[in-house]
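Okay, structure first, notes after.
In UniProt numbering, the protein residues as written are 1 to 140.
Structural data, given as structure tokens:
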């Protein structure tokens with residue numbers, strides 16, 4: 001994940017941690033050798049970091065958060081199987097290499113599906129509320 005020009009600074013025997021704070025510019029760090037890699041030091045944008053563009057959820061197939069949300073809202077996807085069929089996510093299972101977390105993206109795909117479904121339900125509730133409110137105002 002680290003840019004080619006910085007690979008010499010990575011010590012294979014050391015454990016690196018991933019900073020999960022979306023507002024922090026640090027991506028990877030090591031407490032023993034005090035090595036820190038920032039957002040600009042990695043090859044790909046880290047989807048959960050603020051201002052990541054694009055926001056890849058599936059790094060193996062470069063499927064973005066927006067593509068998953070569109071598949072849910074526009075194409076009716078309801079589960080991971082639907083997302084795989086509609087977007088091509090999870091086709092090349094090399095997550096340990098391609099995903100900054102070094103693990104499978106399926107939990108993050110599901111999280112994005114849930115986010116899209118929840119957002120859709122909230123929008124419907126807001127529209128219904130607005131319509132009822134207009135009806136009340138019209139009767140006055």
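Think of the CB as a built atom: it goes at the ideal place given N, C-alpha and C, for glycine as much as any other residue.
- Taking every protein chain shown into account, the CB of residue 28 has 16 or more other CB atoms within 10 angstroms, so this residue is buried.
- In this structure, residue 114 keeps its C-beta atom at 8 Å or more from the C-beta atom of residue 59.
- Judged by DSSP in its simplified three-state form, residue 108 adopts helix.
- When secondary structure is reduced to three states using DSSP, residue 95 falls in the helix class.
- The Cβ-Cβ distance between residue 69 and residue 112 falls below 8 Å.
- Taking residue 96 as the centre and dropping the five residues before and after it, the same chain places the C-beta of 102, 103 closer than 8 Å to its C-beta, in chain order.
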